[in-house]
Amino acid sequence: MNIHKISAATIARTACLLLALTNQLLSACGKPVLPIESQTVEQLVTAGITTVAALVSWWNNNSFTAAAIQADAEYARLKQKGE
Numbered sequence: 009m010n011i012h013k014i015s016a017a018t019i020a021r022t023a024c025l026l027l028a029l030t031n032q033l034l035s036a037c038g039k040p041v042l043p044i045e046s047q048t049v050e051q052l053v054t055a056g057i058t059t060v061a062a063l064v065s066w067w068n069n070n071s072f073t074a075a076a077i078q079a080d081a082e083y084a085r086l087k088q089k090g091e
């Protein structure tokens, strides 16, 4: 039998999904678990967009100096050659 170790991230994502689904079902019945106002939703969405944009910008290679730009070009050339 092959036993897989479930990561903490998987458990956290599943817990968040279950909470969101539970809140959605209870909201449909008029009894929300997480009573969130419209302004709070707007702030959360804005914070989420800002966080995603910041992480994408941070993750990507942002070369500003001439040496870094030259190194990127050399890397691309070597990658294209298959080295």
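For the sequence shown, the tail end lands on 91 under this note's numbering, and the numbers increase by one without skipping. Virtual Cβ for every residue (Gly too), placed ideally from N, Cα, C.
| request: Identify whether residue 31 lies in helix, strand or coil by the three-state DSSP scheme. | output: helix
| task | Report yes if the C-beta distance between residue 70 and residue 80 is below 8 angstroms; otherwise report no. | result | no
| field | residue 50 - DSSP class collapsed to helix/strand/coil | value | helix
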